[in-house]
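Only one structure is covered here, and it is reproduced in the block below.
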Amino acid sequence: MKPLKTLVSFLILCFISNSVMGQLVNIESKRMQTDSTRFALKSDVLFDYTDNNGDYIFQVASNLTTQVKSKDLNKIYFFIGNYKLIRSKNQDFQNTWFFHVRYNHKLSKLFRLEAFVQNQNNALLTITSRNLVGAGIRLKFLSTERTTAYFGNAYMYEIEEVAETDQRFFNHRNSSYLSVNQSFKNTKLDITGTVYFQPLYDAINNHRILCQLKAELPISKIISLSALYNYFYSSFSPIRENDRASNVSFGLTFTI
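Positions -22 to -1, 1 to 234 (mature numbering (1 follows the signal peptide of the UniProt record, and there is no 0)) are the ones given, in order, by the sequence shown.
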């Protein structure tokens, strides 16, 4: 059992340390496909304290994703929240939080309307704070037993703060995405690929791109193994020519 516990601890640590691309979050990978189930929740929590000869590392992380559907299943209320802190003495290696609330209204098999509000803070990134509100459309243009595909387009008004230069930006931005989900019957493996493109309306050369590939493999009714690859690019940065980042992470997902 000891090797198994070591493996589980390692997977959780990898997930907590690497799972957030702070500049842009892929909401598609967080959506919950629950058919006629009206309430669903996913959550994970980690507390860790390590002390080696007086040098300590303290970690705390919590992730929560939940949704509630109306009785007719045509309206969805969706919430995402997470907080992550990695601290050693007086230095924070990660200190972030993220909250997202979304309303989805299904008008037909193809067409949906959405509205959302988001608050995002990361003291260690170029953009230390981002608050936004938006609304748009979501099209389910492919739907089979094992494959679904969505296209979405929305208007966003965002306020970004850069602590290093004491700047604040007020942006009118477009957000479009393409997302494809494929599930496999025999292995129950679930894969979702998503691409986001977010330019300013008055300056398309000021844009953000996120490409993400996510895989989940259930190992029980409650626990799933997960793997995530992210690539992020921003053509605008207040303190450098552009921002680029990529990461691969592994972890555990708990579903009830």
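Virtual Cβ for every residue (Gly too), placed ideally from N, Cα, C.
Relative to the C-alpha of residue i, which candidate in the options has its C-alpha closest?
| i | options | result |
| --- | --- | --- |
| LEU63 | LEU24, ASN31 and ASP221 | LEU24 |
| TYR128 | ARG222, VAL38 and TYR174 | TYR174 |
| GLY171 | PHE148, VAL46, ASN208 and ARG65 | ASN208 |
| THR44 | LYS166, PHE57 and GLN37 | PHE57 |
| MET10 | ASN183, LEU19 and TYR27 | LEU19 |
| LEU51 | ARG90, ILE201, HIS78 and VAL3 | ARG90 |
| SER153 | ASN41, PHE17, ASN184 and ILE35 | ASN184 |
| ILE201 | THR231, SER7 and GLN176 | THR231 |
| ASP144 | ILE105, THR15 and MET134 | ILE105 |
| PHE210 | ASP180, ILE182 and GLN176 | GLN176 |
| HIS83 | LYS8, SER7 and PHE94 | PHE94 |
| LEU195 | ASP180, ARG186, ASN31 and PHE162 | PHE162 |
| PHE148 | ASP180, ASN68 and ASP29 | ASP180 |
Can residue i and residue j be called in contact, C-beta distance under 8 Å?
| i | j | result |
| --- | --- | --- |
| ALA132 | ALA113 | yes |
| SER212 | ASP221 | yes |
| ARG116 | GLY130 | yes |
| ALA223 | ALA205 | no |
| LEU2 | LEU203 | no |
| PHE76 | GLY59 | yes |
| HIS78 | ILE5 | yes |
| ALA39 | TYR61 | yes |
| THR134 | LEU167 | Correcting the residue identity first, residue 134 is Met in this sequence and not Thr. Not closer than 8 Å, so no. |
| ASP70 | ASN41 | no |
| ARG16 | LYS53 | no |
| ASN99 | THR74 | yes |
If contacts are defined as beta-carbon pairs under 8 Å, then residue i and residue j qualify, I think. What distance do you get, rounded to the angstrom?
| i | j | result |
| --- | --- | --- |
| residue 285 | HIS150 | Residue 285 lies beyond the stretch modelled for the chain, which goes from -22 to 234, so this question has no answer here. |
| GLU92 | ARG80 | 6 Å |
| TYR34 | SER66 | 6 Å |
Legend entry - Cβ pair count under 8 Å reaching 3, the region 117 to 125 against the region 155 to 167: yes
Inset, instruction - Enumerate, from N- to C-terminal direction, the unbroken beta strand (DSSP E) stretches of 3 or more residues contained entirely within the region 167 to 216. - result: 168 to 177, 185 to 196 and 201 to 212
Legend entry - Uninterrupted beta strand (DSSP E) stretches inside the region 48 to 85 (no shorter than 3 residues): 53 to 66 and 69 to 84
Legend entry - Complete runs of the beta strand (DSSP E) confined to the region 4 to 39 [at least 3 residues]: 17 to 30
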